[in-house]
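J.: Protein chains in written order, with numbering that gives the first Met the number 0: chain P, 0 to 368; chain L, 0 to 350. Even glycine gets a Cβ: it sits at the ideal position worked out from N, Cα and C. As the structure is a prediction and not an experimental result, all values here were calculated from the model.
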Amino acid sequence: MKYLDEYRDARAVEALAAAIRRTARRRWTIMEVCGGQTHAILRFGIDRLLPETVELIHGPGCPVCVTPPEAIDRAIAIARAPRAILASFGDMLRVPGSAGSLLDARAAGGDVRMVYSPLDALELARRNPSREVVFFAVGFETTAPATALAAKTALAEGIGNFSLLVAHVLVPPAIEAILSSEANRVQGFLAAGHVCTVMGFEEYEPLARRHRVPIVVTGFEPVDILEGVLLCVRQLEEGRAEVENQYLRAVRRRGNEAARALLAEVFQVVPRRWRGIGEIAASGLGLSPAYAALDAEARFAPAARPPADDARCIAGLVLKGARRPPACPSFGSACTPEHPLGAPMVSSEGACAAYYRYRRQPASAAEES
Amino acid sequence: MNRTPPLDFTATCPVQAAPGDRVRLAHGGGGALMHRLIERLFLPAFANPALEARHDGAVLEVDAGRIAFTTDTFVVRPLFFPGGDIGSLAVNGTVNDLAMCGARPLWLSAGFVLEEGFPLADLERIVRSMREAAAAAGVALVTGDTKVVEAGKGDGVFVNTAGIGRVETALEIAPRAVRPGDAVIVSGDIGRHGLAVLAAREEIAFATTLESDCAPLARPVLAMLEAGIEVHCLRDLTRGGLAAALIEIAEAAGVAIELDEAAIPVSEPVRGASELLGLDPLYIANEGRFVAILPESEAERAQAVLARAGCAEAARIGRVQACAGGVTLRTVIGSRRPLDLPSGEQLPRIC
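(1) Are Ala182/L and Arg53/L closer than 8 Å when you measure CB to CB?
(2) Within 8 Å (strictly less), CB to CB, does Ser282/P reach chain L?
(3) Would you call Glu181/P buried or exposed, if buried means 16 or more other Cβ atoms sit within 10 Å of its Cβ?
(4) Using beta-carbon positions only, say whether Cys195/P and Gly254/P come within less than 8 Å of one another.
(5) In the stretch 315-346 of chain P, which residues sit with their C-beta less than 9 Å from some C-beta in chain L, listed in chain order?
(6) Residues of chain L with CB under 7 Å from Arg359/P, in chain order?
(7) Residues in the same chain with beta-carbon distance under 8 Å from Ile256/L, minus the five sequence neighbours each way, listed in chain order, please.
(8) When the cut-off is 8 Å and only beta carbons count, does Met198/P lie next to chain L?
(9) Closest by CA to Met113/P, which one among Pro81/P, Ala16/P and Phe135/P?
(10) Taking the straight line between their C-alpha atoms, what separation do you get for Arg351/L and Val185/L?
(11) Buried or exposed, going by whether 16 or more other CB atoms sit within 10 Å of the CB of Ser87/P?
(12) Would you call Thr208/L buried or exposed, if buried means 16 or more other Cβ atoms sit within 10 Å of its Cβ?
(13) Using only the alpha-carbon positions, how far apart do Leu293/P and Glu243/P sit?
(14) Put Arg130/L into one of helix, strand or coil per three-state DSSP.
(15) If you follow the alpha helix (DSSP H) that Cys64/P is part of, which residue opens it and which one closes it?
(16) In whole angstroms, what is the alpha-carbon distance linking Leu305/L and Pro219/L?
(17) Quick check on the DSSP output: the beta strand (DSSP E) that includes Asp46/P runs from which residue to which?
(18) Can you tell me where the alpha helix (DSSP H) with Glu264/P in it begins and where it stops?
(19) Starting from Met223/L and walking both ways along the alpha helix (DSSP H), at which residues does that stretch end?
(20) Applying the 10 Å Cβ sphere with the 16-neighbour rule, what's the burial state of Ser179/P?
(21) Is the distance from the Cβ of Ser287/P to the Cβ of Arg271/P below 8 Å?
(22) Should Thr243/L be labelled buried (16 or more other beta-carbon atoms within 10 Å of its own) or exposed?
(23) Check Phe157/L in the structure and name its three-state DSSP category.
(24) Do Ala120/L and Asp20/L have their C-beta atoms within less than 8 Å of each other?
(25) Would a check of beta-carbon distances place Pro144/P closer than 8 Å to chain L?
(26) At 7 Å on the CB atoms, spell out the chain L contacts of Phe43/P, in chain order.
(27) Between Glu367/P and chain L, is there a C-beta pair that is closer than 8 Å?
(28) Taking Gly402/L as the query, report the chain P residues whose CB atoms sit under 7 Å from its CB, ordered along the chain.
(29) How far does the beta strand (DSSP E) with His167/P in it reach, from first residue to last?
As structure tokens, this is what we get:
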């Protein structure tokens with residue numbers, strides 16, 4: 000398949016791996032920010048192609064993983080409300096809140112629907128005028144433009160039975176939080192290609208300068224990821240700290256300006272609590288005053304328990320890259336994809352789920368420990 | 000041979016429900032409405048002597064020897080999807096389970112659970128599709144049952160089929176017959192059924208030309224057996240897809256299987272949709288695909304026989320190894336990773 004096979008080419012992969020081996024003279028720790036990249040790294044065994052000197056650690060870029068339990072509790076409370084339909088992306092459904100997941104709420108009689116796009120949720124509202132359709136808007140800058148488009152369309156068409164439970168988050172404040180942490184050991188970043196497709200990469204330039212870290216905007220296929228690692232290692236070896244764009248086929252410096260304008264119109268930047276990490280200032284998107292009428296929290300006033308993460312789960316350390324999933328005492332025992340304690344075990348982009356799926360069997364588990 | 004004579008089908012449906020006619024509770028009540036449903040819809044559609052005996056059960060002639068017996072219940076949503084519907088699925092699903100036992104499918108039963116208010120025209124369409132699928136697979140539908148549940152207590156229609164087939168081979172076809180060194184052959188490209196059904200669901204708006212692979216598998220299986228190929232194990236790739244089928248076989252047989260990702264046939268539309276939706280074709284359900292595990296020395300001949308029996312894309316995708324250790328995939332970039340059983344339903348990722 001075009002645009003796919005050439006980025007999964009075994010010879011290109013080997014050539015890049017060899018170049019990384021030649022280039023890396025010292026030890027370097029690089030974080031891939033996006034859960035999609037984590038998934039590809041584990042799925043294709045990319046980390047095993049790297050020399051010992053280059054360590055990849057997994058970042059917080061799994062959208063459902065960082066959604067805090069109280070947001071899920073609110074979504075569940077809405078799903079249980081009479082006449083309400085709660086529409087959500089599929090991989091959000093299994094993530095536990097403080098008492099159960101949206102799938103549990105559905106089994107208990109709540110009307111929970113899986114959609115691929117906020118526009119599908121809007122269509123549900125059009126077709127069910129006697130119901131209240133609420134879209135659970137989670138995700139990074141990648142999913143936010145579609146939420147914004149649904150919001151704009153709902154207001155323009157006067158679809159009164161549609162609202163949004165917004166829990167969108169932003170990548171650069173999370174990188175800032177990781178770099179500002181005293182325990183930080185990340186020396187370079189692979190930035191998420193799809194986020195930058197929307198936002199561009201200007202906003203990463205001050206981060207790279209201030210913290211003296213290279214940031215390479217990187218795609219999602221094996222060739223992309225290895226090339227991203229190579230560019231990052233080269234910068235580190237040469238003492239540079241720049242923003243570089245590996246994902247040239249998708250990303251422009253200023254991103255998708257139409258999408259950015261839409262985000263600026265519909266949303267405003269707000270503080271947001273991240274699961275396992277805590278509150279990060281100016282790290283989320285909430286509805287702007289002009290779109291406040293679409294706020295599901297105002298419509299339903301859903302109750303949520305005070306924030307509390309499961310003490311047996313080290314998701315916070317995993318999301319910050321401080322621990323690998325197999326280092327968690329609950330990994331694979333108390334916590335499995337069937338009975339997840341924390342969100343990273345749920346989504347295909349979650350680091351714990353990726354390790355569980357690709358690295359659990361004895362032959363390979365030995366390499367991990 | 001005591002086979003039921005070939006079915007006498009007419010091209011048109013014997014009754015035409017008026018638009019708006021719907022299933023009523025009385026259709027399952029044993030009275031006049033139910034009688035009419037049987038006489039005008041089911042009997043003409045599935046016409047055969049066993050059914051026309053109008054008895055509580057079918058009395059069938061069998062030879063001495065082994066029979067295979069299986070049952071399956073179908074609850075697919077939506078009921079109609081590109082390339083099939085619940086009717087063709089219900090016939091082919093059970094026909095294929097019999098074929099995987101190495102049996103020649105002969106007879107099916109059909110049980111319908113109808114929801115009050117279900118359009119009779121849709122029921123006719125489903126019955127028509129079952130009739131066509133049964134004819135294509137060479138099986139007779141010899142006994143049946145209908146129940147109606149109140150509106151809101153069902154999902155339109157659920158169908159159960161059970162089937163009986165005659166085992167004509169002396170081979171033992173089962174995981175314990177699998178041997179180290181055996182070749183793993185898949186009968187065609189994977190993932191089409193699951194994606195076609197997903198695409199047809201109303202809340203998921205993606206346009207695709209994908210059609211379900213729903214098809215009877217007895218012909219290619221019997222072709223291999225008739226050609227004298229020493230088939231060790233067969234499995235159709237329904238829920239859980241290729242990965243789950245092979246993991247189950249490897250575990251039951253106490254062997255390891257290594258698959259070559261590059262050799263597994265996946266059509267471009269399936270690859271594209273899977274990449275987009277975050278699904279793995281290895282885990283997507285099929286309704287007309289199977290794996291055959293057989294001696295390496297027979298693999299080439301098996302592929303040729305399969306190609307002549309309508310499986311032109313049959314491909315050798317892996318090999319059985321001596322150690323116990325589940326299923327390993329050699330990825331397209333040359334690395335190896337273990338395949339694991341899927342947990343719950345595959346949930347599409349969000350970005």
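T.: On the basis of the coordinates in this document:
(1) no
(2) Taking Cβ atoms only, chain L never reaches closer than 8 Å to Ser282/P, which makes this a no.
(3) exposed
(4) yes
(5) Contacts with chain L (Cβ-Cβ distance below 9 Å) from the stretch 315-346 of chain P involve Thr335, Pro336, Glu337, Val345 and Ser346, listed in chain order.
(6) Simply Asp339.
(7) Residues of the same chain with a CB within less than 8 Å of the CB of Ile256/L, apart from the 5 flanking positions on each side, are Val183, Leu245, Ile248, Ala249, Gly317, Arg318, Val319, Gln320, Gly325, Val326 and Thr327 in chain order.
(8) no
(9) Phe135/P
(10) Residue coverage of chain L in this structure runs from 0 to 350, which leaves residue 351/L outside it and unanswerable.
(11) Counting Cβ neighbours within 10 Å, Ser87/P comes out buried, since at least 16 surround it.
(12) exposed
(13) 38 Å
(14) helix
(15) No alpha helix (DSSP H) holds Cys64/P; DSSP gives it neither H nor E.
(16) 6 Å
(17) No residue range can be given for Asp46/P, since it is assigned to no beta strand (DSSP E) and is classified by DSSP as neither H nor E.
(18) Glu256 to Val265
(19) Where Met223/L is concerned, the enclosing alpha helix (DSSP H) starts and stops at Ala217 to Glu225.
(20) It is exposed - the Cβ of Ser179/P has fewer than 16 other Cβ atoms within 10 Å.
(21) no
(22) A small correction: the amino acid at residue 243/L is Ala; Thr does not occupy that position in the sequence shown. Under this definition Ala243/L is a buried residue.
(23) strand
(24) yes
(25) no
(26) Thr330, Ile332 and Ser334
(27) Annotation note: pLDDT 36 at Glu367/P (below 50); position unreliable, coordinate value reported separately. So, not an interface residue.
(28) Outside the shown range of chain L (0 to 350) lies residue 402/L, about which nothing can therefore be said.
(29) Phe161 to Val168
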